[in-house]
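Asks: At position 85 of the sequence shown the residue is numbered 314 (our numbering), and the sequence of numbers has no breaks. Sharing a structure here in structure tokens format.
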Amino acid sequence: MARNIASTAVIHPGVRFEGDVAIEDWCVIGALPAETDEPRPETVIGDGAVIRSHTIIYAGTSIGKNFHSGNKANIREYNIIGDDVSIGTHAVVEHHVTMGNGVRLHSLAFVPEYCVLEDGAWVGPNAVLTNSRYPLSPEAKTTPMPVRLGKGAIVGANATILPGVTIGANSLVGAGSVVTKDVADDAVVAGNPAKYLRSKDDLPYE
230 MARNIASTAV IHPGVRFEGD VAIEDWCVIG ALPAETDEPR PETVIGDGAV
280 IRSHTIIYAG TSIGKNFHSG NKANIREYNI IGDDVSIGTH AVVEHHVTMG
330 NGVRLHSLAF VPEYCVLEDG AWVGPNAVLT NSRYPLSPEA KTTPMPVRLG
380 KGAIVGANAT ILPGVTIGAN SLVGAGSVVT KDVADDAVVA GNPAKYLRSK
430 DDLPYE
């Protein structure tokens with residue numbers, strides 16, 4: 230079992246590596262969230278992980294095989310992340326997020342608490358998922374409205390998905406769109422607010 234862990238990386242107690250991993254300089258794995266009295270939960274990093282410099286992965290997150298992160302990715306606590314997932318440079322994944330196999334988050338993408346990204350979902354650069362209609366409300370943290378991305382859903386660069394929206398399987402959200410309501414399976418939507426354009430099957434792929 231090969232573990233290429235940089236000497237500057239910080240590996241907290243309770244981290245379990247399930248195979249070969251490469252962890253670059255200044256990464257922090259298994260960090261506890263601030264101001265908690267809970268026991269430290271186990272953090273699991275699957276075989277084949279490549280975690281690039283300055284990435285932080287908090288305690289209680291479980292990551293499958295062949296994970297890749299860009300530089301300075303921030304992955305909070307209690308996330309469940311499948312196999313073959315890529316999380317890009319400066320992307321942020323808040324706590325209690327579930328990601329299926331083959332999910333890809335590009336640079337600077339933001340995924341808030343409790344969102345679900347099913348197998349093969351793809352989130353473009355600077356895209357933002359949201360989970361609270363009234364962020365300053367006292368109930369904002371206790372009544373989140375997470376986004377759900379269906380299998381193979383694609384969210385284009387700089388798009389914003391509003392709280393509680395479901396993006397259907399194999400659908401496509403155009404770059405820069407603001408999605409205010411659920412998107413059907415296999416649909417192409419774009420605009421602000423995003424509107425249905427056509428079936429994904431009708432796209433002129435070359």
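Note that the Cβ used here is the ideal one computed from N, Cα and C, for glycine as well. This one's a predicted model, so the numbers in the text were calculated from it and none came from an experiment.
Between the alpha carbons of Val357 and Thr389, how many angstroms are there, rounded?
Replies: On the sequence shown, residue 357 is found 128 positions in, with the first residue counted as 1. On the sequence shown, residue 389 is found 160 positions in, with the first residue counted as 1. Cα to Cα, the separation comes out at about 5 Å.
Asks: Per DSSP, what kind of secondary structure is Lys294 in: helix, strand or coil?
Replies: Reading the sequence shown from its first residue, position 65 is the one you call residue 294. Secondary structure at Lys294: coil, using DSSP grouped into helix, strand and coil.
Asks: Measuring only the C-alpha atoms, how far is Val483 from Ile240?
Replies: With the chain represented from 230 up to 435, any question about residue 483 goes unanswered, as that position is not in the structure.
Asks: Using C-beta distances below 6 Å, list every residue in its chain close to Ala302, excluding the 5 sequence neighbours before and after it, in chain order.
Replies: Position 73 of the sequence shown, counted from the start, is the residue given in the question as residue 302. Apart from the 5 residues on each side of it in sequence, Ala302 sits with its Cβ closer than 6 Å to the Cβ of Thr284, Ile316 and Ala320 in its chain, given in chain order.
Asks: Pull up the CB-CB distance for Gly275 and Gly248, whole angstroms please, since I reckon it's below 8 Å.
Replies: Position 46 of the sequence shown holds residue 275. Position 19 of the sequence shown holds residue 248. Between Gly248 and Gly275 the Cβ distance is about 7 Å, and since that is below 8 Å, they are a contact.
Asks: Applying the 10 Å Cβ sphere with the 16-neighbour rule, what's the burial state of Arg305?
Replies: By 1-based counting over the sequence shown, the position of residue 305 is 76. Buried, because 16 or more other Cβ atoms sit within 10 Å of the Cβ of Arg305.
Asks: Could you pull out every unbroken beta strand (DSSP E) segment of at least 3 residues lying fully inside the region 309 to 345, listed in chain order?
Replies: none
Asks: Would you tell me roughly how many angstroms separate the C-alpha atoms of Trp351 and Leu334, rounded to the nearest one?
Replies: As a first step, residue 351 must be located in the sequence shown, where it is residue number 122. As a first step, residue 334 must be located in the sequence shown, where it is residue number 105. Going by the C-alpha atoms only, they are around 6 Å apart.
Asks: Roughly how many angstroms separate the alpha carbons of Arg232 and Val250, rounded to a whole number?
Replies: Numbered from 1 along the sequence shown, position 3 holds the residue referred to as residue 232. Numbered from 1 along the sequence shown, position 21 holds the residue referred to as residue 250. Their Cα atoms are separated by approximately 5 Å.
Asks: What is the rounded straight-line gap between the Cα of Thr395 and the Cα of Lys294?
Replies: Within the sequence shown, the letter at position 166 stands for residue 395. Within the sequence shown, the letter at position 65 stands for residue 294. Rounded to the nearest angstrom, the two C-alpha atoms are 27 Å apart.
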